[in-house]
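Here is the structure we will look at, set down as structure tokens.
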Amino acid sequence: MAKIELKNVTKSYGAVEVIKGIDLDIKKGEFMVFVGPSGCGKSTLLRLISGLEEITTGDMLFDDQRVNNLVPSDRGIAMVFQSYALYPHMKVYDNMAFGMKLAKQDKAAIDKRVRDAARMLQIEHLLDRLPRQLSGGQRQRVAIGRAIVRDPRVFLFDEPLSNLDAALRVATRLEIAKLHETMSDVTMIYVTHDQVEAMTLADRIAVLRDGRLEQLGTPAELYESPNSVFVAGFIGSPKMNFLKGKFAEDKGCATLGARPEHIDIVPEGTGDWSGEVVHAEDLGSDNYLFVEIGADEPLIVRQPGKLAIPQGSKVSLQPQPQHLHRFGADDRPLR
Amino acid sequence: MSHPLIKTIGFYALVAVIVVFAVFPFYYAIVTSFSSGTALFQVNYWPKSFNWVNYETVMGNRNFVRSIVNSVFIAGCTVAFALFLAVTAAYALSRVSFRGRGLLLMTILAVSMFPQIAVLAGLFELVRFLGIFNTPWAMILSYTIFTLPFTVWVLTTFMRDLPVEIEEAAIVDGATPWVIVTKVFLPLLWPALVTTGLLAFIGAWNEFLFALTFTSSESMRTVPVAIALLSGASQQEIPWGPIMAASVIVTVPLIVLVLIFQRKIVAGLTAGGVKG
Numbered sequence: 001m002a003k004i005e006l007k008n009v010t011k012s013y014g015a016v017e018v019i020k021g022i023d024l025d026i027k028k029g030e031f032m033v034f035v036g037p038s039g040c041g042k043s044t045l046l047r048l049i050s051g052l053e054e055i056t057t058g059d060m061l062f063d064d065q066r067v068n069n070l071v072p073s074d075r076g077i078a079m080v081f082q083s084y085a086l087y088p089h090m091k092v093y094d095n096m097a098f099g100m101k102l103a104k105q106d107k108a109a110i111d112k113r114v115r116d117a118a119r120m121l122q123i124e125h126l127l128d129r130l131p132r133q134l135s136g137g138q139r140q141r142v143a144i145g146r147a148i149v150r151d152p153r154v155f156l157f158d159e160p161l162s163n164l165d166a167a168l169r170v171a172t173r174l175e176i177a178k179l180h181e182t183m184s185d186v187t188m189i190y191v192t193h194d195q196v197e198a199m200t201l202a203d204r205i206a207v208l209r210d211g212r213l214e215q216l217g218t219p220a221e222l223y224e225s226p227n228s229v230f231v232a233g234f235i236g237s238p239k240m241n242f243l244k245g246k247f248a249e250d251k252g253c254a255t256l257g258a259r260p261e262h263i264d265i266v267p268e269g270t271g272d273w274s275g276e277v278v279h280a281e282d283l284g285s286d287n288y289l290f291v292e293i294g295a296d297e298p299l300i301v302r303q304p305g306k307l308a309i310p311q312g313s314k315v316s317l318q319p320q321p322q323h324l325h326r327f328g329a330d331d332r333p334l335r
Numbered sequence: 001m002s003h004p005l006i007k008t009i010g011f012y013a014l015v016a017v018i019v020v021f022a023v024f025p026f027y028y029a030i031v032t033s034f035s036s037g038t039a040l041f042q043v044n045y046w047p048k049s050f051n052w053v054n055y056e057t058v059m060g061n062r063n064f065v066r067s068i069v070n071s072v073f074i075a076g077c078t079v080a081f082a083l084f085l086a087v088t089a090a091y092a093l094s095r096v097s098f099r100g101r102g103l104l105l106m107t108i109l110a111v112s113m114f115p116q117i118a119v120l121a122g123l124f125e126l127v128r129f130l131g132i133f134n135t136p137w138a139m140i141l142s143y144t145i146f147t148l149p150f151t152v153w154v155l156t157t158f159m160r161d162l163p164v165e166i167e168e169a170a171i172v173d174g175a176t177p178w179v180i181v182t183k184v185f186l187p188l189l190w191p192a193l194v195t196t197g198l199l200a201f202i203g204a205w206n207e208f209l210f211a212l213t214f215t216s217s218e219s220m221r222t223v224p225v226a227i228a229l230l231s232g233a234s235q236q237e238i239p240w241g242p243i244m245a246a247s248v249i250v251t252v253p254l255i256v257l258v259l260i261f262q263r264k265i266v267a268g269l270t271a272g273g274v275k276g
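So the sequence lines, in the order shown, correspond to chains A and B.
Heads up: the first sequence begins at 1 in UniProt numbering, then just goes up one per residue.
Heads up: the second sequence begins at 1 in UniProt numbering, then just goes up one per residue.
Here it is, written out as structure tokens:
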């Protein structure tokens, strides 16, 4: 429900500058994901938007209204924490109703909102339980439910899936995607270090590095035309192969990037590169081949289906030219 | 083969020794309190007769009953004030970052190093200055001062261990610091509150030196002073029977309190709120 604008926002703790001037427009109803490695400032940025931390310089606007000095509860935000952060001594119902109770809302209205949210998340049968009687996935649902009850303009997620196991993570991810569809006019901001979550959930992704915005774009844009070696390496799994030295010089650049899925195995002697398979991983649906072609690290090649290439065999490789990423000495792409 | 058996026997023997060591004086006081006359001066390990005359003497003494009321009031107020001040102080010391916080914490701890006798004269002047000499407030003030460092320190440590995210979730829900302390932290701090409150109560209940110094009239005395000043028929007679009966009477409330709250000390209350 809110359009969010960040204008040259910085954040310092004493002499240490954590956020180094970020300009960002988040559209109304958009699902924005902040990704980046640990310590890049993505969580801090989320906390600045939430109001749990104060902005050092710059401006933050929600629907053209300056919110720099607004406390979190007046910003119309709701937040889902990594550790769930449920109130341990309150039943699920009271956990979800706490915010509305503090706002002195009418009992019937609270009850309706809590029950609606519980129905939406299928946790109605848990309303009388204490958090410690719930499983991790259930706790995280309650935390999401608590956020829904607040009826926020902006939904903030701080690595909500990190504490869940792999299967639950996928299920909860789907749930969050569904939530975004149902509450399509609520702006959602989601912090993660997992690029799969970013790619699957986001309308747009903001890649952060070292307190700066490295690139902003749709998942497809980031995947197809990364703005730097950093983004190219961060988005996509397995990671993009980077070649330097003579491999790059052959293609007229300082660093050559080729995604594992964009390298084909070709008949002996016809490819640009050749080498020995030093390791192979069979995932059932895909095969990852690690090929030593004389670069710094083995080249990862991803091939669909079943492959009968034993370790130690020689293969010839040909990158798909239209999918090659060429970067200059400044790590920026050459186009 | 007999190793575990020896271990078990040794363990319970040690437990028995400790229990006897800790409980025997009190037990002997009970036994003594039920005897009268010359029976007081015979060494009896088992009660021979149940004679309530000592209890009747003590409870018939109007000033002694008044002392019990004084003690309850003073210890209760001390606990209430100390916990209120300590909880609010602990919130500031554990969650609000300000310059000199560490120094302040160390100072609070350092205050508890001073022996009572060292500050007695100063406190006496303060009590006179405030005009609360010979009133319960003199004791409440001094006991609160002496119990606060410990209470603040323990609660600060406890509160620091509460997950920050729970507090932040409450902030997002629109809770003020007061609401956070009373509605979110206090329920989680119950075990710590009960423990520190109980210790403060026991401290205030047993205190003698201040209570002796800051009161002058018999009706203002607390129980320990009243017992110490119990007098017999003549100066030469120490009324052991009533003294023992009085000791038993004033110990029982403490034991009852500990037994009640022991059940309330629930470990792991924070479990489930955050990923543990």
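Glycine included, every Cβ here is placed at the ideal spot set by N, Cα and C.
Small disclaimer: the values here were computed from a predicted structure and weren't measured.
Contact check for M79 of chain A and A147 of chain A: beta-carbon distance about 7 Å, within the 8 Å limit, so the pair qualifies. Scanning the stretch 115-160 of chain A from its first residue to its last, the whole beta strand (DSSP E) runs of 3-plus residues come out as 154-158.
Just so you know, the alpha carbons of N206 of chain B and P224 of chain B end up roughly 6 Å apart.
For T187 of chain A, there is no enclosing alpha helix (DSSP H); the enclosing beta strand (DSSP E) covers residues T187 to T192. At a Cβ-Cβ threshold of 8 Å, L156 of chain A and T172 of chain A do not count as neighbours. For D250 of chain A, the enclosing alpha helix (DSSP H) covers residues K246 to D250.
Residue contact with chain B for P72 of chain A: present (Cβ-Cβ distance below 8 Å to some residue of chain B).
Secondary structure at A308 of chain A: coil, using DSSP grouped into helix, strand and coil. Distance from G174 of chain B to A103 of chain A at the Cβ level is roughly 6 Å; contact confirmed, criterion being Cβ atoms closer than 8 Å. Nearest Cα to E276 of chain A within the set A:R302, A:G312, A:I265 and A:R113: A:G312.
Beta-bridge annotation (DSSP): R302 of chain A is paired with A:Y288. DSSP, read as helix, strand or coil, puts Y87 of chain A in coil.
In the displayed model, P177 of chain B falls within a helix according to three-state DSSP. Under the three-state reduction of DSSP, V170 of chain A is assigned to helix.
At a cut-off of 8 Å, the C-beta of A245 of chain B has no neighbouring C-beta in chain A. Taking 9 Å as the cut-off between beta carbons, none of the residues of the stretch 90-123 of chain B comes near chain A. Ranked by Cα distance from P253 of chain B, the first of B:L198, B:T215 and B:A211 is B:L198.
Residue state for G257 of chain A is assigned as strand, using DSSP reduced to three classes. A Cβ-Cβ separation of about 6 Å places P131 of chain A in contact with P88 of chain A under the 8 Å criterion. At least one beta carbon of chain B lies nearer than 8 Å to the beta carbon of S83 of chain A.
With respect to the 8 Å criterion, V114 of chain A and Y84 of chain A are not classified as neighbours on the basis of their beta carbons. In the structure shown, Y12 of chain B falls within a helical segment according to DSSP collapsed to helix, strand and coil. Listed as beta-bridge partners of W137 of chain B by DSSP are no residues whatsoever. Distances from the CA of R119 of chain A to each of A:F81, A:L179 and A:D106 were compared; the closest alpha carbon is that of A:L179.
Comparing alpha-carbon positions, the option among A:A258, A:S184, A:V196 and A:G21 lying closest to R326 of chain A turns out to be A:A258. Annotated three-state conformation of K7 of chain B is helix, per DSSP. In this structure the stretch 141-154 of chain B lies against the stretch 83-90 of chain B, because at least three pairs of beta carbons, one per stretch, are closer than 8 Å. In its chain, beyond the 5 residues on either side, N241, L299, V301, R302, L317, Q318, P319 and Q320 have a beta carbon closer than 8 Å to the beta carbon of I263 of chain A.
Distance between D64 of chain A and D331 of chain A, taken at the CA atoms: about 36 Å. In terms of Cβ geometry, D185 of chain A and Q82 of chain A do not form a close pair [threshold 8 Å]. When Cβ pairs closer than 8 Å are counted between the two stretches, the stretch 42-60 of chain B is seen to touch the stretch 234-247 of chain B, the count reaching three or more. One alpha carbon belongs to A16 of chain B, the other to L168 of chain A, and they sit about 53 Å apart. The beta carbons of L52 of chain A and I22 of chain A sit no closer together than 8 Å. Counting only residues of its own chain and dropping the five nearest sequence neighbours on each side, V18 of chain A has a CB closer than 8 Å to the CB of K11, S12, G41, T44 and G211. For S94 of chain B, the enclosing alpha helix (DSSP H) has its first and last residue at R62 to R95.
Using a CB distance below 7 Å, the part of the stretch 162-194 of chain B facing chain A consists of P163, E165, I166, E168, A169, I171, V172, D173, G174, A175, V179, V184, P187 and L188, ordered along the chain.
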